[in-house]
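2 protein chains.
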Amino acid sequence: MTQTFEQWCGDLEARLSRNQQRLTPQRRLIARVLHGHDGHVNVDDLHQLVRRKDKSVGYATVYRMLKLLEDYELVQTNTFVDGTARYEIASKHHSHHDHLVCKECGTVVEFENEEIERLQELVAAQLGFDLVDHKMVLYGRPKLGTCCAKH
Amino acid sequence: MTQTFEQWCGDLEARLSRNQQRLTPQRRLIARVLHGHDGHVNVDDLHQLVRRKDKSVGYATVYRMLKLLEDYELVQTNTFVDGTARYEIASKHHSHHDHLVCKECGTVVEFENEEIERLQELVAAQLGFDLVDHKMVLYGRPKLGTCCAKH
DNA sequence: ATCCTTGCAAATTGTTTGCAGCTAG
DNA sequence: CTAGCTGCAAACAATTTGCAAGGAT
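Going down the list, the protein sequences come from chains A and B.
Letter by letter, the first sequence follows residues 1 to 151 of this note's numbering.
Letter by letter, the second sequence follows residues 1 to 151 of this note's numbering.
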């Protein structure tokens, strides 16, 4: 279930104004670019993309915006590709997914698995916790010599 | 199933000499401290601990040693506590475990779950991969107001 | 007028590297 | 002697921060 930019940005604006913060043109632009991207952007690329629309936007603004979105849980941060932070939009209206990384070529595949999620809740419960969030990354080698994307 | 330091260090020495590398006093010391620690050490603390035994050991040596151990898969690296790298010994003789982090106080709890591991292999297989490795971190909030360790 | 936000540059943090000297084989 | 290893300091990369100026309420 995907969410339109307007909906997502509405969430953002609500959160911002609740904290007497503003949805400035720069922030809206960054939000739009991020929402349009298919995920796993790093800061550098995001900054580049934003600059294609507005040369004046600075690096720090992108970082600060991402931090905001992170705090508001409107993006999900990953570091599994190459250690540097990568971002994808997230919200309760987007269904949760996890990632599998190909050890051969680095391609990232997304997947969902209800069963595992259920077991994770169970495990947490057994340890005395309510499961709030989780990160799971699988690392695989492609079967049959055929690789996911490249080669 | 835990492994003695001697066994683990044997593995290390074997790997090293296979690559005409040496188990120097510094490296042995770092190995010993690391093996004695109960896990999730960061480089800084490890360096401190090592220095309590030998003031002369430098920061870079610790980093280089950890990289070695990582390459040889004799340590497992985590970054989930605060983003900086933390290490714990690992080997085929140590059973695999995953982590749950308390959102309240940051305490890390370890657990194992056969069922989830099986499902992970299944998911990978369905996507056309052989599962090589995985990382899973659960984030939880303690039930009943009682918290894991602190407070 | 106040307070949030911005871009820039400088600062910080975590980690890696170059190098001259040292050490084991 | 050769090759690996060390400590130190400098280099690096990713991210954060201080600050003076700009803009919204």
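All C-beta atoms in this analysis are idealised placements derived from N, C-alpha and C, irrespective of residue type, glycine included.
Keep in mind it's a predicted model, so treat the numbers as computed, not measured.
Sub-9 angstroms separation of residue 98/A and residue 137/A beta-carbons
yes
message: Am I right that residue 90/A and residue 74/A are in contact with their C-beta atoms under 8 angstroms? What's the rounded C-beta distance?
response: 7 angstroms
Start and end residues, alpha helix (DSSP H) containing residue 67/B
59-71
**Asked** How about residue 5/A and residue 37/A: are their beta carbons less than 9 angstroms apart?
**Response** no
What does residue 142/B reach in chain A if we use C-beta pairs closer than 7 angstroms?
-> 128, 129
field: Test: residue 37/B CB closer than 9 angstroms to a CB of chain A
entry: no
Report task. Could you give the DSSP three-state label for residue 19/B: helix, strand or coil? Result -> coil
Q.
Check this for me: beta carbons of residue 124/A and residue 119/B, under 9 angstroms apart or not?
A. no
Open item on the list: Measuring straight from C-alpha to C-alpha, what distance separates residue 48/B and residue 15/B?
Closed with: 26 angstroms
| message | Taking the beta strand (DSSP E) that residue 135/A belongs to, which residues open and close that run? | response | 129-142
Hey, which unbroken runs of the alpha helix (DSSP H) at 4 residues or more fall wholly within the segment 72-127 of chain B?
114-126
Below 7 angstroms on C-beta distance, what does residue 111/B contact in chain A? 123, 127
*asked:* Please report whether the beta-carbon of residue 80/B lies at a distance below 9 angstroms from any beta-carbon of chain A.
replied: yes
Query raised in the report: Residues in its own chain within less than 6 angstroms of residue 69/A by CB, not counting five upstream and five downstream?
Result: 75
| query | Are residue 107/A and residue 42/A touching if we call contact CB-CB under 9 angstroms? | reply | no
Between which residues of its own chain and residue 13/A is the CB-CB distance below 7 angstroms, once the five residues before and five after are set aside?
23
Sequence-distant residues of its chain with Cβ nearer than 8 angstroms to residue 150/B (five each side left out):
Bear in mind that the predicted position of residue 150/B carries a pLDDT of just 48, short of 50, making it unreliable; the figure below should be weighed with that in mind. Result list for residue 150/B: 105, 107, in chain order.
For my contact list, residue 114/A and residue 95/A are in at a C-beta cut-off of 8 angstroms; report their separation, rounded to the angstrom. Between residue 95/A and residue 114/A the Cβ distance is about 10 angstroms, and since that is not below 8 angstroms, they are no contact.
The alpha helix (DSSP H) that contains residue 48/B, what's its start and end? 43-53
* **Within-9 angstroms CB hit, residue 47/A to chain B** => no
Report task. Work out the CA separation of residue 27/B and residue 66/A for me, nearest whole Å. Result -> 40 angstroms
| Residues in the segment 13-39 of chain B having any Cβ partner in chain A nearer than 9 angstroms | none
- Under a CB-based cut-off of 9 angstroms, is residue 97/B close to chain A? no
Practice prompt. Please report how far the alpha carbon of residue 18/B lies from the alpha carbon of residue 72/B, in whole angstroms.
Written response: 11 angstroms
Q. Do you know offhand how far residue 9/A's Cα is from residue 31/A's?
A. 7 angstroms
| message | So for residue 38/B, helix, strand or coil by DSSP? | response | coil
### Query
Near residue 109/B, which residues of its chain fall below 6 angstroms by C-beta distance, leaving aside the five closest residues on each side in sequence?
100
### Contacts of residue 3/A in chain B (Cβ-Cβ under 9 angstroms)
Here the premise fails: no neighbours, minimum Cβ distance about 23 angstroms.
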